[in-house]
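With mature numbering (1 follows the signal peptide of the UniProt record, and there is no 0) as the guide, the letters of the sequence shown map in order to residues -23 to -1, 1 to 253.
The structure appears right after this line, and notes come after that.
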Amino acid sequence: MSTRRKFLVLILSVLSLIHLEHHFRNDQVEEPQLSAWFNSKKRSDVKTTTDWNAPIIWEGTYNRKVLEEYYKRLNITIGLVVFAHGKLANWQLKQFLQSADKHFMVGYNVIFYILIDHEITKTPILELGPLRTFKIFYTYKEDTWNDPDFIYMMNLRTYIIDYIQFEVNFLFSMTANQIFKNDFGVETLGRTVAQLHSWWYFQNVNDFPYERRHRSSAFIPYGQGDFYYCNGGKPHELLRFFNEYQTRINFDATNKVNSTYEKHLNKYLFVNKPTK
């Protein structure tokens, strides 16, 4: 991530975070109150709380040590899914994983889930740090699937149901064309997380590239909306989002309109507000 993304806002991710609450090892450990680790007054230059009172996490607003004491006692495992396809996939994937190994949830059990298409014949040789491992999943495609984002979502849905939900407590989903530049820690964990798009979080809501066509199920009228998300997720509802996404894609197809995954994601998170 660039220097600007160093201050990347995180509002509590579909696609980038799932919280599998039933998988906690110790249900008796009490989660710290928000006031114990988050101080919205530490950054007067940006908005630090949403209109629905969810914290917006910026550098300087959180105390990671308080959260470390809590999550270390739970012995959690965190998953990070990365989707790689196309001509630049091998190079991008290597750079992404090297940066993630260095900066992503250091000191915790981490599983990197690598989703690749069959066109990628060579996967990077990984020398990961302590407490880290990786698994490779191949994506399949049905004859009626043409959109790469839709293919990724349907494959991820299947792998979550069959494997991932039994292995991790939290799950982030990111693309291989990103790079971690700084530590990405437990301040980003939570029940419902969404990641703000770094290009749009200082822009006016009327300028956001929402779906503005009334015929689309992703439609958001001018004057409405909260933020523009590039990735997001909700605990136990990521699968619900996948189902809604599939339904909306089919609905739009009947109306002869084709909207992007990001626009469907933003409509979903506009209706189902993130908690961080």
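Quick reminder that beta carbons are idealized off the backbone N, C-alpha and C, glycines included.
Treat the numbers as computed from the prediction; the structure is a model and nothing was measured.
| query | result |
| --- | --- |
| Using the Cα positions of Arg109 and Gly56, report the straight-line distance between them to the nearest angstrom. | 10 Å |
| Which partner residues does Thr152 have in the DSSP bridge list? | Phe60 |
| For Tyr39, list the residues DSSP reports as bridge partners. | Phe15 |
| Secondary structure at Lys49, three-state DSSP: helix, strand or coil? | helix |
| Going by the DSSP bridge assignment, what does Leu173 pair with across the sheet? | Tyr206 |
| Report, in whole angstroms, the separation of the C-beta atoms of Leu74 and Leu103, which I expect to be a contact under 8 Å. | 6 Å |
| From this set, Val87, Lys71, Glu46, Phe15, which residue's C-alpha is nearest Ile156's C-alpha? | Lys71 |
| Tell me whether Lys253 sits in a helix, a strand or coil according to DSSP, three-state version. | coil |
| Which one of Pro107, Val87, Asn220 has the shortest CA to CA distance from Ile138? | Asn220 |
| Let me confirm a value: Asn146 is counted as buried when at least 16 other C-beta atoms fall within 10 Å, else exposed. Which label applies? | buried |
| In chain order, which alpha helix (DSSP H) runs of at least 4 residues are fully inside the region 68 to 107? | none |
| If you follow the beta strand (DSSP E) that Lys112 is in, where does it begin and where does it stop? | 109 to 115 |
| Just verifying my parser: in three-state terms, what is the DSSP assignment at Phe143? | helix |
| Suppose contacts are defined by Cβ-Cβ distances below 8 Å. Is Gln180 in contact with Tyr206 by that definition? | no |
| Buried or exposed: where does Leu242 fall if 16 or more other Cβ atoms within 10 Å of its Cβ makes it buried? | buried |
| How far does the alpha helix (DSSP H) with Glu7 in it extend, from its first residue to its last? | Careful: Glu7 lies outside any alpha helix (DSSP H) and carries neither H nor E. |
| Would you kindly work out how many angstroms separate the C-alpha atoms of Asn183 and Gly200, rounded to a whole number? | 6 Å |
| Per DSSP, what kind of secondary structure is Glu188 in: helix, strand or coil? | strand |
| Less than 8 Å between the C-beta atoms of Phe127 and Tyr90, yes or no? | no |
| Below 6 Å CB to CB, which residues in the same chain sit around Gly162 once its five sequence neighbours on both sides are set aside? | Arg41 |
| Helix, strand or coil, according to DSSP, for Pro125 in the structure here? | helix |
| In angstroms, rounded to a whole number, what distance separates the CA positions of His31 and Arg168? | Sequence check: residue 31 is Ala here, not His. When rounded, the distance between both Cα atoms is 11 Å. |
| Rounded to a whole number of angstroms, what is the C-alpha to C-alpha distance between Leu92 and Arg20? | 37 Å |
| Let's see if you can read the secondary structure: which residues bound the alpha helix (DSSP H) around Leu215? | 215 to 231 |
| Taking Tyr238 and Met130 to be in contact with their CB atoms under 8 Å, please state how far apart those CB atoms are, rounded to whole angstroms. | 7 Å |
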